[in-house]
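Its first residue numbered 1, the first sequence is counted upward by one per residue in the UniProt record's numbering.
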Amino acid sequence: MYAKVIVDVPAKQTNRAFDYEVPASLSKWVEVGSRVGVPFGPRVLQGFVVELQEETQVDVTRIKPIQNVLDLVPPLTEELVSLGRWVSRVYLCHEVTALQAMLPAALKAKYERAIGVGEESGEQSLLDMSDLQEIVSFVKSKGSVSMDALMERFASDGALIKQLLSAGILTEVQVVKDRMNTKKALTVFPPAGGSGLEEALAELPARANKQQDVLRYLMEHPHAIRLTELMETVEVGASTVKSLADRGWIELREVEVMRDPYAGRAFTRTKPLPLTEEQSSVFAEIRDAVAEERNEVFLLHGVTGSGKTEVYLQSIQQCLDMDKEAIVLVPEISLTPQMVERFKGRFGDLVAVLHSRLSNGERYDEWRKIMRKQVKVVIGARSAIFAPFTRIGLIIIDEEHESSYKQEESPKYHTRDVAVQRAKQQNAVVVLGSATPSLESIEKTRRRRDRDKPPFRLLTMRERVASRPMPPVAIVDMREELKNGNRSMFSRSLYKAIEDRLQKKEQIVLLLNRRGYATFVMCRTCGFVSQCPHCDISLTYHQSSRMLRCHYCGYAEREVTQCPSCQSEHIRHFGTGTQRVEEELSKIFPGIRVIRMDVDTTTEKGSHEKWLTMFREKQADVLLGTQMVAKGLDFPDVTLVGVIAADTVLNLPDFRSAERTFQLLTQVAGRAGRHEKQGEVFVQTYTPEHYSVQYASRHDYIAFANHELDIRANLGYPPYQRLILVTFSHEQVPLLVRSAEAFVTRLKEIAFTYRAQQVDLFTNTLSTDQSFQMDVLGPVASPISRIKDRYRFQCVVKYRGEDQAAEIVAKAVAWFEERSAKEKLLISVDVDPQYLM
DNA sequence: AGCACGCCGACT
DNA sequence: GTCGGCGTGCTC
């Protein structure tokens, strides 16, 4: 038996499967998806088995055996292995990188040196000594032992061990280990049925009160119990229990336990809520698709507050009734305790939660619950799409338009597209939910190619539950405010509204759209702005540490009080940071209680949750923050939402900026008046006439989408054409420009050949897609033209058609890497980029 | 990514 | 005459 193995070396030359022999002793354990240790050149590496075969084409004398198998159960399924291949092909990354992304960090390989028995047995005469024989057979019995363990076992024989090593009887080997240890806990095991405990009780001396208590407790509860728990309930010390174990009456041993991040938290169980008419008809569609196991993608367009979550919950129930599994994806930022609570409340212990705030150990344990089929539902961010389920019935992506679904490091996958692919593989249903669907998705519900039906099906919920109206949105023209002499960041109408709510003791959410509004430091005399010496970007001021930092390379310097350029002392912090809004609020409304949520105040674990709870409990009047206050929060007493500056995103040089502005305004407007009290929204802007502001104020998604789709069609942007961003970097500009230009020329050549042949490079068959068309823009300097002392150039590949372009770009990249490897030129490819920078 | 093999300058 | 520079190529 032979195995094809992808080794843990993310490099171009090793980006293929290598053949290994499966030794008979391991054949039981080696499966597709197994993690194995394999000899690779002079060392031992971790690898993934991607195929098993009886025969091999490789010269048998070169084939080495698999050294060991790292897990009892393969951590990847066959289906995930092929999904990995798909990801690597579509997003142009090494196959290991894709496979690695599917596993918790705990399973990243750790390489360790250890002692094993040498191959040539060296000076056999040494083995006559019995001490040495003992050592050798000890090592032999274990396969390999770490040096520490060996020294501990044979502490007095250090010299002998050294001798054995130099004689080659023992030798240093490399082993692949897991990074993560399972957590163990001492557990007490009473004899089955509690038999013999009564006799034990009789044997104890009368004054051994504590031991008697333990025995009595165990007679009443004759099942295994954690030592710590037993000590707490019976109020005894560990020694008491240990002495019982020493006499053999009970057993005490280490048992692997799961770290449960939600341990000790009671979740109130909830029952399905009655659905509104709209909800039921949407639910019926999804339920039928799940019940019939149709591979279908729904785009659920439901206004904020229309009760999408309840539809999700009941759809999942349908899945569970069929003994199938469900994956729920939410943006990291809205994976709040409230959200978790709703799912745990409905499905209890059948839910695993995966998010970035878990420790590696906790995440590993949640992941193992999925592996072991202890759970049926996973709720998590991005990477939860790779949950090792085997019977997926339903995949839900909430807030599907969120750009955080795109991973920014390799593999640069888009979760939505991976979900659609995975659902195809498992014949599952996908539900994409949003109040402001991405233009990519809405276009897919309309697209008709030939006579095929559109790839996605649109479901709509227009009504909020309990028929609460959408809050009125007032657009405030800040130019007018300025003309009327108001130079503060609050317009007169927002000021009055805040004053009014404070008086009524109702709550306020204020949103500051900070992207592009970082707090930089400028000299008011000469205009000097502190720049990063290694990157082409201004430094950002951090109040907490009083430092200026570069967000790209981490460079930091002390805050300046005197201009380095003109020695003036008129240094000012620019940009409307949340801190400044907070300061101004307290100045205008003395005594106002403000909770500020931004990167500075929410880095600490659990702080996000803490602030929200405080706000919910009405310990503050205002929740002030960046994007994170806009998402999915639901506070009954919020009746006023204010957007301080709506158009900061609009001015960014990005074709998606109108879409992002519309989404943000719509999401934040949805925070107001979700309960009995009527809400009100103020949007302050310098461009009130802009269509994204206008449509958002009218809560008119469809009109916005139509308008924006027209623009995209005219400019040839997604969703009508797709993009691939290729970035080059090098320390020297002339070489960089020459290379980037050479790449573009080569890329065009390859594309031309492809078009001439009309051959599908994936399958090597004649292409059926006659409409394929590709265009290359650039190369031009990247918007951030230097990072870490390397200059950056980029080109944008625009194309129509499906995934062939990735293959063409891959060919050009391979050509480029081959010819420029020695020059340390770096090239990076982003398929379907979210930002062109 | 490592690591070894392999051809040209400053040294015991 | 050697030791070592890192360019090139391989790893089942």
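The beta carbon of each residue, even a glycine, is placed where N, CA and C say it ideally should be.
Only a predicted model underlies this, so the values are computations on that prediction, with no experimental measurement involved.
DSSP-derived helix/strand/coil call for residue i
i           : result
S785        : strand
Q212        : helix
A466        : helix
D637        : coil
C795        : strand
C523        : strand
G302        : strand
I66         : coil
H690        : coil
V9          : coil
M151        : helix
P734        : helix
R85         : helix
residue 838 : Residue 838 lies beyond the range of the chain shown here (1 to 837); nothing can be said about it.
K748        : helix
M1          : coil
K677        : coil
T56         : coil
R479        : helix
M102        : coil
Q507        : strand
V813        : helix
Other residues of its chain near residue i: CB distance less than 7 Å, five sequence neighbours each side excluded
i    : result
A238 : L227 and M231
L502 : F589, I592 and D621
R416 : I397, E400, Y405 and L432
Q318 : R287, V290 and A291
V829 : L92, I724, V726, V809 and V813
T768 : Since pLDDT at T768 reaches only 49, below the 50 mark, its modelled position is unreliable, and no value is offered.
V145 : A114, I115 and V139
Supposed contact pair residue j and residue i - C-beta distance, whole angstroms, cut 8 Å
i           : j    : result
residue 844 : R382 : Residue 844 is absent from the model: the chain starts at 1 and stops at 837.
Y552        : I537 : 6 Å
V36         : L70  : 6 Å
L150        : I115 : 5 Å
R287        : S315 : 6 Å
R671        : V643 : Not quite, the Cβ-Cβ distance comes to about 11 Å (not below 8 Å), so this is no contact.
S729        : R819 : Between R819 and S729 the Cβ distance is about 16 Å, and since that is not below 8 Å, they are no contact.
I787        : L640 : The Cβ separation is near 41 Å, so there is no contact.
E366        : V353 : 6 Å
V476        : F682 : 6 Å
Residues of its chain near residue i, where Cβ-Cβ distance is below 6 Å and the 5 sequence neighbours each way are ignored
i    : result
T763 : Annotation note: pLDDT 48 at T763 (below 50); position unreliable, coordinate value reported separately. So the list is empty, once near-sequence residues are dropped.
L313 : R346
M547 : A556
H542 : R549
S410 : C93 and T97
M219 : G194 and L197
Cβ-heavy atom distance, residue i to the ligand GDP, below 7 Å
i    : result
L394 : Of the ligands one can find in the structure shown there are none, so the ligand GDP has no counterpart to examine.
Residues near residue i by beta carbon distance below 8 Å, same chain, minus five either side
i    : result
R616 : F635
V7   : T14, F18, V38, F40, L45, Q46, G47 and V96
E463 : T276, E278, V303 and S306
S243 : Q211
E443 : L709, P719 and Y720
S739 : F728, H730, F816, S820, E823 and L825
Point to revise | Minimum length 4: unbroken alpha helix (DSSP H) runs contained in the stretch 388–432 | key: 415–426
Review point. How do the stretch 52–63 and the stretch 84–93 stand: do at least 3 beta-carbon pairs fall below 8 Å, yes or no?
Key: no
Exercise for review: Report yes or no: do the stretch 720–728 and the stretch 491–509 share at least 3 C-beta pairs separated by less than 8 Å?
Suggested key: no
Check your understanding: What are the complete alpha helix (DSSP H) segments, minimum 4 residues, inside the stretch 248–336?
Key -> 277–291 and 308–321
Review point. Which residue spans inside the stretch 537–601 form an unbroken beta strand (DSSP E) run of at least 3?
Key: 540–542, 547–549, 556–558, 571–574 and 594–597
Check your understanding: Is it a yes or a no for the stretch 818–827 touching the stretch 725–740, going by three-plus beta-carbon pairs under 8 Å?
Key -> yes
Check your understanding: Is there contact between the stretch 692–705 and the stretch 657–665, where contact requires at least three CB pairs shorter than 8 Å?
Key -> yes
Review point. Touching or not, the stretch 317–332 and the stretch 358–366, by the rule of three or more beta carbon pairs under 8 Å?
Key: no
Exercise for review: Evaluate contact between the stretch 740–757 and the stretch 697–708, counting only Cβ atoms and requiring at least three cross-stretch pairs below 8 Å.
Suggested key: no
Review point. Do the stretch 267–274 and the stretch 334–345 make contact, defined as three or more Cβ pairs closer than 8 Å?
Key: yes
Practice item. Say whether the stretch 608–615 touches the stretch 480–493, bearing in mind that this needs 3 or more beta-carbon pairs closer than 8 Å, one atom from each stretch. Key: no
Review point. Could you give the uninterrupted runs of the beta strand (DSSP E) lying entirely in the stretch 343–393, keeping only those of 3 residues or more?
Key: 351–354 and 377–380
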